[in-house]
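Following: one structure in structure tokens, then a few remarks.
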Amino acid sequence: MADRRRVAILISGRGSNMRALIEGAQGYEVALVASNKVHAPGLDVARSLGVPTFAFEAPRDGFEAALERSLTDHRIGTIALAGYMRILSPAFIARWRGRIVNIHPSLLPRHKGLDTHNRVLAAGEAVTGCTVHLVSEELDSGEVLAQAEVPVEPGDDAARLAARVLNAEHALYPAALSEFVRR
Ligand code: GRF
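Position one of the sequence shown corresponds to residue 391 (the working numbering), numbered consecutively onward.
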């Protein structure tokens, strides 16, 4: 039986929020780290922290079918995306409706999609941040669960700003996930 407190983290790369989600787990357990890239660097981090991993490279439908089996085997009830760089299929999202969360490095609904920090700088905004939200069929548009603001500082470039926002993500994501699995 799936248990909403048993969380799978989906990554495509280093999964830079993954360690914070694992080490900051309260009220949930990271029971699986899954990737569509067999060499995703975050997989080694997950293994070193004793978390089971699943990795498989295949076209989307085949990947998602195999992922479903792994999620069932591990009785996963909640999916947390952490730098998962492939759009989930509408069928997958429909089956997991209300049970997939994501973190996005902007104050949604501002700056959906990629390259957020450059767009914040180009717009001359004084404040940016990050958003934890439910995943729906429309990219970066599901219900907002939590947000944290981060000031833009003089002399910021995209890399500096990204690093500051990522720090805020590491605090926000575990807290928002704890609250989400309780609701
Ligand atoms: C973070 O900025 C997060 O907000 C976004 O993906 C970025 C991390 O990617 N969803 P990665 O973990 O470094 O691959």
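Glycine is no exception: its CB is placed at the ideal position from the N, C-alpha and C atoms.
Asked, Found
"Please report the distance separating the alpha-carbon of Val441 from that of Gly432.", "11 Å"
"Relative to the C-alpha of Arg489, which candidate in Asn407, Ala436, Val522, Leu439 has its C-alpha closest?", "Val522"
"How would you call Met475, buried or exposed, if buried means at least 16 neighbouring beta carbons within 10 angstroms?", "exposed"
"Does the count of Cβ pairs from the region 502-516 and the region 476-484 closer than 8 Å reach three?", "no"
"May I have the straight-line CA-CA distance separating Glu413 from Ala448, to the nearest angstrom?", "30 Å"
"Report the start-end ranges of each alpha helix (DSSP H) in the region 450-501 that is 4 residues or longer and not cut off at the edges.", "450-463, 480-485"
"Quick check: what's the CA-CA separation for Ala455 versus Phe446?", "11 Å"
"Are Ala430 and Ser402 closer than 9 Å when you measure CB to CB?", "yes"
"With the cut-off set at 9 Å, would you say Glu527 and Ala484 are in Cβ contact?", "yes"
"Output yes or no for whether 9 Å exceeds the beta carbon distance between Ile469 and Ala536.", "no"
"Could you give the residue range of the beta strand (DSSP E) that holds Ser425?", "419-425"
"Taking 7 Å as the limit between beta carbons, can you name the residues of its chain near Asp546, skipping five residues before and five after?", "Leu511"
"Hey, quick one: how far does the alpha helix (DSSP H) through Val555 stretch, first residue to last?", "548-572"
"Per DSSP, what are the beta-bridge partners of Thr443 in this structure?", "Val423"
"Taking only three categories from DSSP, how would you classify Glu413?", "helix"
"Is the beta carbon of Ala538 closer than 9 Å to that of Ala561?", "yes"
"Can you list every residue whose CB sits closer than 5 Å to some heavy atom of the ligand GRF, going in chain order?", "Gly403, Arg404, Gly405, Ser406, Gly473, Ile493, Pro495"
"Quick one: grab the DSSP three-state call for Pro431.", "helix"
"Give the straight-line distance between the Cα atoms of Val540 and Arg404, rounded to the nearest whole angstrom.", "22 Å"
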